[in-house]
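Asker: Below is one structure. I have some questions about it.
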Ligand SMILES: [Zn+2]
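Residue numbers (the numbering used here): 25 to 281.
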């Protein structure tokens, strides 16, 4: 057998070594690892959430990662956005994170857009993905991500961290969506931004790790433990709750699909 696989979807010998601790797992085999290699994942937001979830997915072997974020790196980001250093100040987050992930794992394909996720690019970015990871910092983007994922039946795994608390949920094609959970008229004007509320260094990293973990379970094994459920993590007493939520009969996003 040569070192280079004839089939680009098969794992090379080097990849087999790189991912050996996963392939050794009970319940995680070469097929699961190859499913990761074949997967297309979009990461929306290269901040505290996206830096960590992106790095874990790259290391774990997710084959194609696209990152979108319009922001540039500021000194106040370095406390929690683990892909960046003081040398990166002023540069685009999406670009620096993408280069970092590509260096970590040369066997995957990483692309990026230094722009906002908005109506002009949402359809193109979402429709061919196997899963979308939302780690953005505002409700306007979050509602748009939810709507476009629902439109193309692309599963969404959304994480947020603010203060000492984090949230994580998954919406799949036939499940309740983000807007069922948080009706737009009640939440559209609320802030999600760390710039206003503060955030401990660890909180986004923990929530992003859970987001990446769920993504690996979904891509590798097809399991959806948080489908239509909201996980709320309390960073002061280290407890977590998992709340089941239901479809909202009045949800405009679910009604449209
Ligand atoms: Zn809905």
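The C-beta atom is built at its ideal place from N, Cα and C for all residues, glycine as well.
Which partner residues does residue 192 have in the DSSP bridge list?
Answerer: 183 and 255
Asker: Give me, in chain order, the residues of the same chain whose beta-carbon lies closer than 8 Å to that of residue 102; leave out the 5 immediate sequence neighbours on both sides.
Answerer: 108, 109 and 110
Asker: Taking the alpha-carbon positions, what's the residue 162 to residue 50 distance?
Answerer: 39 Å
Asker: Which same chain residues end up closer than 6 Å to residue 69 when comparing Cβ atoms and leaving out the 5 residues on each side of it in sequence?
Answerer: 93, 159 and 160
Asker: Are there 16 or more other CB atoms within 10 angstroms of the CB of residue 44, so buried, or fewer, so exposed?
Answerer: exposed
Asker: Return the chain-ordered ranges of every alpha helix (DSSP H) run that is complete within the stretch 85-160 and spans a minimum of 4 residues.
Answerer: For the stretch 85-160, whole alpha helix (DSSP H) runs of length 4 or above, ordered along the chain, are 117-128 and 146-150.
Asker: Kindly confirm or deny that the stretch 123-137 and the stretch 70-87 touch, where touching means at least three C-beta pairs closer than 8 Å.
Answerer: yes
Asker: Less than 9 Å separating the beta-carbons of residue 168 and residue 73?
Answerer: no
Asker: So, helix, strand or coil for residue 35, using DSSP?
Answerer: coil
Asker: Please report the residue range of the beta strand (DSSP E) in which residue 264 lies.
Answerer: 263-268
Asker: Would you identify the three-state DSSP class for residue 44, choosing helix, strand or coil?
Answerer: helix
Asker: Please enumerate, following chain order, all residues with a beta carbon closer than 5 Å to at least one heavy atom belonging to ligand 1.
Answerer: Result (chain order): 201, 203, 204, 275, 277 and 278.
Asker: Leaving out the 5 sequence neighbours to the left and right, which residues in its chain are closer than 7 Å to residue 87 when beta-carbon positions are compared?
Answerer: A distance below 7 Å between beta-carbons, with the five flanking residues on each side excluded, links residue 87 to the following residues of its chain, in chain order: 60, 61, 62, 63, 132 and 133.
Asker: Straight-line CA distance for residue 36 to residue 204?
Answerer: 43 Å
Asker: Measuring straight from C-alpha to C-alpha, what distance separates residue 55 and residue 191?
Answerer: 31 Å
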